[in-house]
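From first to last, the protein sequence lines are chains A and X. Read the first sequence against our numbering and you will find it ends at 823, with the numbers running on by one and no gaps. Read the second sequence against our numbering and you will find it ends at 155, with the numbers running on by one and no gaps. C-beta atoms are modelled at their ideal positions from N, C-alpha and C, and glycine is treated no differently. The structure appears right after this line, and notes come after that.
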Amino acid sequence: MTAQTDETQAAPTLEFGRARLRKEDERLITGQTNWTDNLQLPGMLHIAFLRSPFAHARITSVDVSAARNEPGVIAAYSGADFADEQGSLPCAWPVTPDIVIPAHPPMATEEVRYVGEAVACVVARDRYAAADALAAIEVDYEELPPVLDMREAIKPDSPKVHEAGNQSFDFVFANGDVDAAFRDAPVVIERVYRQQRLIPSAMEPRAVVCSCVGGEFTLWSATQIPHVLRVMLALVTGIPEQNIRVIAPDVGGGFGSKLQVTAEEVLAVLIARKLGRPVKWTESRSEGNMTVHHGRDQWQTLRMAADRDGRIRGFEVDLLADMGAYLMLVTPGIPILGALIFPAIYKMDAYSFRCRGIFTTKMPTDAYRGAGRPEATFAVERMVDELAAELGLDPLQVRERNWIKPEEFPFTTIAGLTYDSGNYEAATARARELFDYDGLREEQELRRANNDPVQLGIGISTFTEMCGLAPSRVLGSLAYGAGGWEHASIRMLPTGKVEVVTGTSAHGQGHETAWSQIVADQLGVPFEDIRVLHGDTQISPKGMDTYGSRSLAVGGMALVSACDKVVEKAKVIAAGLLEASADDLEWAPGRFSVRGDPDKGVTIAEIALATFAAHNLPDGVEPSIDADATYDPDNFSFPHGTHLCATEIDTETGFVKIRSYVAVDDIGTVVNPTIVDGQVHGGLAQGIAQALYEEAVYDDAGNLITTTLADYLIPSASDLPSYVTDRTESRAANRLGVKGVGEAGTIASTPAVVNAIVDALRPLGIQDVTMPCTPERVWRAIQDARGADQASAAEQHAARQSDQTQGNSPQGVGTPDQTGGAA
Amino acid sequence: MTEVTVTVDGVKYADNVEPRLLLVHYLREFVGKTGTPIGCDTSNCGSCTVLMNGESVKSCSVLAVQADGADITTIQGLANGGLHPIQQAFHETHALQCGYCTPGMIMAVSDLLRENPHPSDEEIREGLEGNLCRCTGYENIVRAVRRAAETGVSS
Chain A
1 MTAQTDETQA APTLEFGRAR LRKEDERLIT GQTNWTDNLQ LPGMLHIAFL RSPFAHARIT
61 SVDVSAARNE PGVIAAYSGA DFADEQGSLP CAWPVTPDIV IPAHPPMATE EVRYVGEAVA
121 CVVARDRYAA ADALAAIEVD YEELPPVLDM REAIKPDSPK VHEAGNQSFD FVFANGDVDA
181 AFRDAPVVIE RVYRQQRLIP SAMEPRAVVC SCVGGEFTLW SATQIPHVLR VMLALVTGIP
241 EQNIRVIAPD VGGGFGSKLQ VTAEEVLAVL IARKLGRPVK WTESRSEGNM TVHHGRDQWQ
301 TLRMAADRDG RIRGFEVDLL ADMGAYLMLV TPGIPILGAL IFPAIYKMDA YSFRCRGIFT
361 TKMPTDAYRG AGRPEATFAV ERMVDELAAE LGLDPLQVRE RNWIKPEEFP FTTIAGLTYD
421 SGNYEAATAR ARELFDYDGL REEQELRRAN NDPVQLGIGI STFTEMCGLA PSRVLGSLAY
481 GAGGWEHASI RMLPTGKVEV VTGTSAHGQG HETAWSQIVA DQLGVPFEDI RVLHGDTQIS
541 PKGMDTYGSR SLAVGGMALV SACDKVVEKA KVIAAGLLEA SADDLEWAPG RFSVRGDPDK
601 GVTIAEIALA TFAAHNLPDG VEPSIDADAT YDPDNFSFPH GTHLCATEID TETGFVKIRS
661 YVAVDDIGTV VNPTIVDGQV HGGLAQGIAQ ALYEEAVYDD AGNLITTTLA DYLIPSASDL
721 PSYVTDRTES RAANRLGVKG VGEAGTIAST PAVVNAIVDA LRPLGIQDVT MPCTPERVWR
781 AIQDARGADQ ASAAEQHAAR QSDQTQGNSP QGVGTPDQTG GAA
Chain X
1 MTEVTVTVDG VKYADNVEPR LLLVHYLREF VGKTGTPIGC DTSNCGSCTV LMNGESVKSC
61 SVLAVQADGA DITTIQGLAN GGLHPIQQAF HETHALQCGY CTPGMIMAVS DLLRENPHPS
121 DEEIREGLEG NLCRCTGYEN IVRAVRRAAE TGVSS
């Protein structure tokens with residue numbers, strides 16, 4: 001069967017910019033996909049983990065002996081069985097010199113620090129037998145006090161998560177004279193915002209298979225980072241790196257959650273080595289909600305100083321970031337990535353940033369789509385709206401007053417980033433037009449005047465972000481443990497076909513299609529003749545993998561560099577074949593011809609065949625036109641855009657309906673508009689979900705109570721609107737002009753939605769609704785603001801205080817201590 | 001152990017299974033139909049949706065023994081050679097990214113269009129609320145269903 005590959009009938013032209021349908025689809029729509037859990041190896045055993053039921057406890061004894069006698073059980077292990085070999089799960093981003101990085105054994109040996117931490121495991125003939133035998137394991141715990149709220153955890157009398165205390169690091173950055181910016185400022189806005197804890201929820205649960213044959217390990221994992229994982233497994237276990245092969249087969253989404261080196265991956269390797277048999281572990285969703293790293297979770301204390309005309313003078317950011325119980329691969333780096341983007345598209349005199357990373361007895365946090373930038377964007381876009389409200393100005397007007405003008409690029413921001421390009425005016429003008437901004441403002445006035453029970457709100461997000469992670473030097477200066485380059489290889493096959501090997505590791509992004517388009521243009525070979533290989537360290541030996549919207553801006557550029565080298569090598573051989581001087585040859589993609597004699601030429605396919613035969617190559621020329629390239633970017637890339645959201649709020653029920661959503665993104669040039677639209681749609685859905693639906697909730701004892709998809713509400717089709725998407729274009733400074741699009745929708749949309757909700761309710765005196773803005777929270781905010789009866793208000797206040805103590809504030813409704821106003 | 005006879009994608013199978021064996025595990029591990037993936041354990045996500053006697057079921061919420069005598073169609077048996085129009089529509093409208101929810105989504109769409117051959121966008125969204133997708137934001141899935149409906153899949 002053949003999948004249709006192209007819906008356009010246009011004459012052959014550049015592949016770049018063409019709405020190619022995806023090469024990946026055929027196997028995915030027919031059920032021929034190669035998920036890790038599909039894998040069956042001869043003699044394969046199944047692992048099941050016994051996990052801590054306590055948020056914090058000392059393990060006093062573990063007895064697995066009875067489990068070993070259960071039917072079909074081959075082995076059962078406690079942490080003690082791995083003590084000499086399991087090492088500590090890595091943290092590659094020590095953001096300050098004095099950061100506290102506690103030991104993080106893959107299987108707990110002495111103490112458990114979150115519900116779900118592995119304490120023992122069973123290895124059995126099938127998954128049912130393994131799960132059954134867990135009941136025969138005896139574990140005794142001595143409970144310790146849980147630590148659940150960062151704001152309590154920083155107090156000196158708080159129980160400790162680790163002996164070294166509850167603070168992992170205190171990172172500060174400042175530029176400009178902050179005191180001067182705030183001193184005598186006519187307006188100072190102060191707010192505290194809550195970034196709730198989220199569960200990334202890729203549709204494919206994690207799965208791991210490991211085989212060990214003669215000391216050589218092959219690990220299949222549902223991972224975003226096969227290359228990074230390989231290095232880390234070698235460092236953690238001491239197994240020589242050359243004896244480890246990591247394969248990421250088809251991977252069902254990641255969103256940052258599979259950018260990790262997990263306990264289960266390390267333990268699968270160790271168990272395969274102990275038993276000499278292949279092993280598999282596949283998590284259940286409930287297990288995953290507890291033990292796949294979580295995202296976000298910050299308290300943001302913000303101050304913005306401005307002049308009366310809306311000009312921003314200074315911005316102070318003070319974060320508490322919940323690390324959870326341990327630091328995982330890039331846990332501390334997530335809020336620090338955000339540090340660079342809080343000033344966003346705005347000019348200001350001074351900026352200060354402080355982030356304290358705090359331990360709690362919860363699942364560690366780490367990258368989740370956007371990773372630091374959604375938090376920063378939410379903060380600044382909410383604050384600019386608050387400033388506009390304070391000044392009685394239109395929020396778009398305040399933005400325009402402060403944003404970097406098109407003619408000011410390249411522009412170095414107060415956070416020290418140099419934005420290469422952008423045009424905020426163009427994106428905003430286009431979004432206004434598509435949204436009918438003026439018309440909706442008129443309708444809003446009318447509904448307010450009529451006291452309509454359904455109020456209209458308009459939310460704005462003129463976001464930017466930094467992606468294309470990352471220039472290796474910058475990562476070094478931020479103390480990250482690796483570089484940010486990407487690798488590509490081009491293999492020219494004798495039949496004229498091309499294999500492209502990439503170090504990126506797609507898990508839904510469509511690299512097989514987009515990379516084919518790029519290479520087709522560079523080499524002048526048909527799109528159909530190109531095959532893209534990835535996700536196996538034996539096939540693609542070098543790479544930094546896929547996260548941080550880096551794949552195109554870095555990996556795509558590596559492809560271009562490798563193609564350049566192929567053309568350069570082919571030129572020498574073409575000169576020999578044409579009996580001409582290489583200096584006299586002209587390259588038009590796909591063919592060399594002799595200058596002045598265009599009929600005399602040779603195609604790249606002919607050169608590939610002649611190179612394969614190698615019968616009459618010029619003296620001293622190697623018989624290969626294959627090439628490798630490793631590309632390290634000079635700078636980040638800076639996608640931006642203007643997103644506008646209209647919400648209708650039923651003030652009687654608190655129900656929020658997104659009436660329309662317009663996303664105009666400037667992501668530079670576009671390889672494949674179909675794929676780009678899809679990335680934006682999915683990003684919007686996740687950002688909207690943070691605003692309206694999702695929250696990981698722990699109870700007072702530290703149990704995660706949102707363990708299933710019945711409790712953790714990832715939105716369905718009926719919960720989401722249809723989106724209007726469009727683009728404006730300012731080229732990035734790289735040769736392709738590309739910026740990246742994987743996270744833009746998520747970063748932009750959360751503040752757009754919350755701004756729209758607050759905008760609808762502001763006449764009631766409401767300044768904030770804490771995310772997720774559920775109907776109950778919105779309804780309570782309205783009731784509170786209308787001053788309901790005193791008794792009920794007092795009751796709600798008490799409930800709110802108690803909720804906030806748990807870190808799950810139901811609302812932050814204009815509480816007096818959060819109001820700023822004129823100074 | 002209980003003996004079950006199940007027809008899967010047109011082939012009859014007879015097996016002895018544990019009474020607690022889930023249909024989805026039976027399909028994946030006894031019959032080798034790994035095209036049907038598992039996304040959750042509470043029947044919320046719909047990734048494992050198959051047709052049982054022509055109607056969509058979440059195969060994680062059906063025991064293999066309950067499928068005794070039943071006719072099961074999975075994503076691997078939906079098309080009769082080539083691509084089924086719903087599969088084609090998903091491809092043409094870019095209604096999938098990672099593809100993990102896609103088999104279940106396509107099977108749910110086939111049941112949706114059987115019951116309602118010309119659904120409105122709202123009916124599509126409501127009809128698919130038992131199937132979760134984390135990649136597409138559903139925009140292009142709705143387009144795919146519209147396109148499949150236009151080609152008259154249900155007839």
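Problem set entry | Start-to-end residues for the beta strand (DSSP E) that takes in Met323 of chain A | Along the first sequence, one-based indexing puts residue 323 of chain A at 323. Ile312 to Gly324 is the extent of the beta strand (DSSP E) around Met323 of chain A.
Problem set entry | Residue closest to Thr725 of chain A, alpha-carbon to alpha-carbon, out of A:Met363, A:Thr674 and A:Glu528 | Looking up residue 725 of chain A in the first sequence gives position 725. Per the Cα distances, A:Thr674.
For this session: Scan the segment 66-86 of chain X for residues whose Cβ lies nearer than 8 Å to a Cβ of chain A and list them as they occur along the chain.
Result: Thr74, Ile75, Gln76, Ala79, Gly81, Gly82 and Leu83
Exercise. Nearest-angstrom Cα distance between Asp828 of chain A and Arg127 of chain A?
Worked result: Outside the modelled stretch of chain A, which goes from 1 to 823, sits residue 828 of chain A, for which no answer is possible.
Exercise. Taking just the CA atoms, how far does Leu96 of chain X sit from Val115 of chain A?
Worked result: Position 115 of the first sequence holds residue 115 of chain A. Position 96 of the second sequence holds residue 96 of chain X. Going from the Cα of Val115 of chain A to the Cα of Leu96 of chain X covers about 34 Å.
Exercise. In whole angstroms, what separates the C-alpha of Ala130 of chain A from that of Phe49 of chain A?
Worked result: Taking the first sequence and counting its residues from 1, one reaches residue 130 of chain A at position 130. Taking the first sequence and counting its residues from 1, one reaches residue 49 of chain A at position 49. Straight-line Cα distance between these residues: approximately 9 Å.
Exercise. By how many angstroms is the C-alpha of Gln298 of chain A removed from the C-alpha of Asp833 of chain A?
Worked result: The requested residue 833 of chain A is not part of the displayed model; chain A covers only 1 to 823.
Problem set entry | Nearest to Ala272 of chain A (by Cα), restricted to the options A:Leu45, A:Arg296 and A:Tyr424 | If you number the first sequence from 1, residue 272 of chain A lands on position 272. For Ala272 of chain A, the nearest C-alpha among the options comes from A:Leu45.
Exercise. Leaving out five residues before and five after Ile106 of chain X in sequence, what residues of the same chain have Cβ atoms less than 8 Å from its Cβ?
Worked result: Numbered from its first residue, the second sequence carries residue 106 of chain X at position 106. Correct list, in chain order: Ile75, Leu78, His84, Ile86, Gln87 and Phe90.
For this session: Just grab the DSSP bridge partners of Lys657 of chain A for me.
Result: For this step, residue 657 of chain A is matched to residue 657 along the first sequence. Paired residues: A:Glu648.
Exercise. Per DSSP, which one or two residues make a beta bridge with Trp220 of chain A?
Worked result: Taking the first sequence and counting its residues from 1, the one referred to as residue 220 of chain A is at position 220. DSSP lists A:Val209 and A:Ile247 as partners of Trp220 of chain A.
Exercise. Looking at the structure shown, is Cys355 of chain A part of a helix, part of a strand, or coil, going by DSSP?
Worked result: Here the question's residue 355 of chain A lines up with position 355 in the first sequence. The answer is strand: DSSP assigns Cys355 of chain A an E or B state.
Exercise. Taking DSSP as the reference, what is the three-state secondary structure of Val6 of chain X?
Worked result: To locate residue 6 of chain X, count along the second sequence from 1; it is residue 6. The answer is strand: DSSP assigns Val6 of chain X an E or B state.
Exercise. Could you give the distance in angstroms between the alpha-carbon of Ala389 of chain A and the alpha-carbon of Glu381 of chain A?
Worked result: Along the first sequence, read from residue 1 onward, the residue named residue 389 of chain A stands at position 389. Along the first sequence, read from residue 1 onward, the residue named residue 381 of chain A stands at position 381. Their backbone Cα atoms lie some 13 Å apart in a straight line.
Problem set entry | Reduced DSSP category for Arg832 of chain A - H, G, I as helix; E, B as strand; rest coil | Shown here, chain A extends from 1 to 823; a query on residue 832 of chain A therefore has no answer.
Exercise. How should Thr331 of chain A be labelled, buried or exposed, when 16 other C-beta atoms within 10 angstroms of its C-beta is the threshold for buried?
Worked result: Residue 331 of chain A sits at position 331 when you count from the first residue of the first sequence. Classification for Thr331 of chain A: buried.
For this session: My understanding is that Leu387 of chain A touches Met304 of chain A, with C-beta atoms under 8 Å, so please give their C-beta distance in whole angstroms.
Result: Position 387 of the first sequence, counting from 1, holds the residue named residue 387 of chain A. Position 304 of the first sequence, counting from 1, holds the residue named residue 304 of chain A. With 8 Å as the limit, Leu387 of chain A and Met304 of chain A qualify as a contact, their Cβ atoms being about 6 Å apart.
For this session: Would you mind giving the Cβ-Cβ distance between Ala744 of chain A and Gly668 of chain A, rounded to the nearest angstrom? I have them listed as a contact below 8 Å.
Result: Here the question's residue 744 of chain A lines up with position 744 in the first sequence. Here the question's residue 668 of chain A lines up with position 668 in the first sequence. So it is not a contact: roughly 11 Å between Cβ atoms.
Problem set entry | Reduced DSSP category for His162 of chain A - H, G, I as helix; E, B as strand; rest coil | Here residue 162 of chain A is taken as the residue at index 162 of the first sequence, counted from 1. In the structure shown, His162 of chain A sits in coil (DSSP, three-state: anything other than H, G, I, E or B).
Exercise. Taking Cβ positions, are Ile539 of chain A and Ala570 of chain A nearer each other than 7 Å?
Worked result: Position 539 of the first sequence, counting from 1, holds the residue named residue 539 of chain A. Position 570 of the first sequence, counting from 1, holds the residue named residue 570 of chain A. Contact flag unset, no.
For this session: Please go through the same chain and pick out, in chain order, the residues whose beta-carbon is closer than 8 Å to the beta-carbon of Ile154 of chain A, but skip the five residues on each side of it.
Result: Sequence index remark: in the first sequence, residue 154 of chain A carries index 154 (1-based). Within the same chain, Ile154 of chain A has close Cβ partners Asn166, Gln167, Leu320, Arg356 and Ile358.
Problem set entry | Local conformation of Ser489 of chain A per DSSP, three classes | Residue numbering aside, residue 489 of chain A sits at position 489 when the first sequence is read from its first letter. Strand at Ser489 of chain A.
Problem set entry | Simplified DSSP assignment, three categories, for Trp281 of chain A | Residue mapping note: residue 281 of chain A aligns to position 281 of the first sequence, counting from 1. It is a strand residue.
Problem set entry | Cβ-based neighbour list, Thr413 of chain A, same chain, cut-off 6 Å, excluding 5 preceding and 5 following | Here residue 413 of chain A is taken as the residue at index 413 of the first sequence, counted from 1. If we look at Thr413 of chain A and ignore the five residues flanking it on each side, its Cβ neighbours are Pro343.
Exercise. Would the segment 576-586 of chain A and the segment 549-563 of chain A be scored as touching if the rule is three or more Cβ pairs under 8 Å?
Worked result: no
Exercise. For the alpha helix (DSSP H) that Ser65 of chain A lies in, which residues bound it at each end?
Worked result: If you number the first sequence from 1, residue 65 of chain A lands on position 65. First-last of the alpha helix (DSSP H) with Ser65 of chain A: Ser65 to Arg68.
Exercise. Can you give the Cα-Cα distance for Gln829 of chain A and Cys645 of chain A, rounded to whole angstroms?
Worked result: Beyond the ends of chain A as shown, which are 1 and 823, falls residue 829 of chain A; an answer cannot be given.
For this session: Using a Cβ cut-off of 7 Å (strictly closer), state whether Gly39 of chain X contacts chain A.
Result: Taking the first residue of the second sequence as 1, we reach residue 39 of chain X at position 39. Chain A, which has a Cβ nearer than 7 Å to the Cβ of Gly39 of chain X, makes this yes.
Exercise. On the three-pair Cβ rule with 8 Å, is the segment 492-503 of chain A touching the segment 683-692 of chain A?
Worked result: no
Exercise. Using a Cβ-Cβ cut-off of 7 Å (strictly less than) and excluding sequence neighbours within five positions of Ala83 of chain A, which residues of its own chain qualify?
Worked result: Within the first sequence, residue 83 of chain A is the residue found at index 83, counting from 1. For Ala83 of chain A, where only same-chain residues beyond five positions count, the Cβ hits under 7 Å are Thr109.
Exercise. Going by C-alpha distance, which of A:Thr291, A:Pro278, A:Asp349 and A:Met328 is nearest Asp307 of chain A?
Worked result: In the first sequence, residue 307 of chain A corresponds to position 307, counting from 1. Ranking A:Thr291, A:Pro278, A:Asp349 and A:Met328 by Cα distance to Asp307 of chain A puts A:Asp349 first.
For this session: For Ser155 of chain X, decide whether its Cβ has a neighbour in chain A, counting only Cβ atoms nearer than 7 Å.
Result: Within the second sequence, residue 155 of chain X is the residue found at index 155, counting from 1. For Ser155 of chain X, the predicted model reports a pLDDT of 42, less than 50, meaning its position is unreliable; a value from the coordinates is still stated below. It does not; no Cβ of chain A falls within 7 Å.
Exercise. Any Cβ of chain A within less than 7 Å of the Cβ of Pro19 of chain X?
Worked result: Taking the second sequence and counting its residues from 1, the one referred to as residue 19 of chain X is at position 19. It does not: the Cβ of Pro19 of chain X has no partner Cβ on chain A nearer than 7 Å.
For this session: Check distances from the C-beta atoms of the segment 125-148 of chain X to those of chain A and list, in chain order, the residues that come in under 8 Å.
Result: Arg125, Glu126, Leu128, Glu129, Gly130, Asn131, Leu132, Cys133, Arg134, Cys135, Thr136, Gly137, Tyr138, Glu139, Asn140, Ile141 and Val142
Exercise. Does the Cβ-Cβ distance between Pro249 of chain A and Trp220 of chain A come in under 7 Å?
Worked result: On the first sequence, residue 249 of chain A is found 249 positions in, with the first residue counted as 1. On the first sequence, residue 220 of chain A is found 220 positions in, with the first residue counted as 1. Their beta carbons are under 7 Å apart, which means Pro249 of chain A touches Trp220 of chain A by this criterion.
For this session: Could you pull the start and end residues of the beta strand (DSSP E) that Met52 of chain X belongs to?
Result: In the second sequence, residue 52 of chain X corresponds to position 52, counting from 1. Its beta strand (DSSP E) spans residues Thr49 to Met52.
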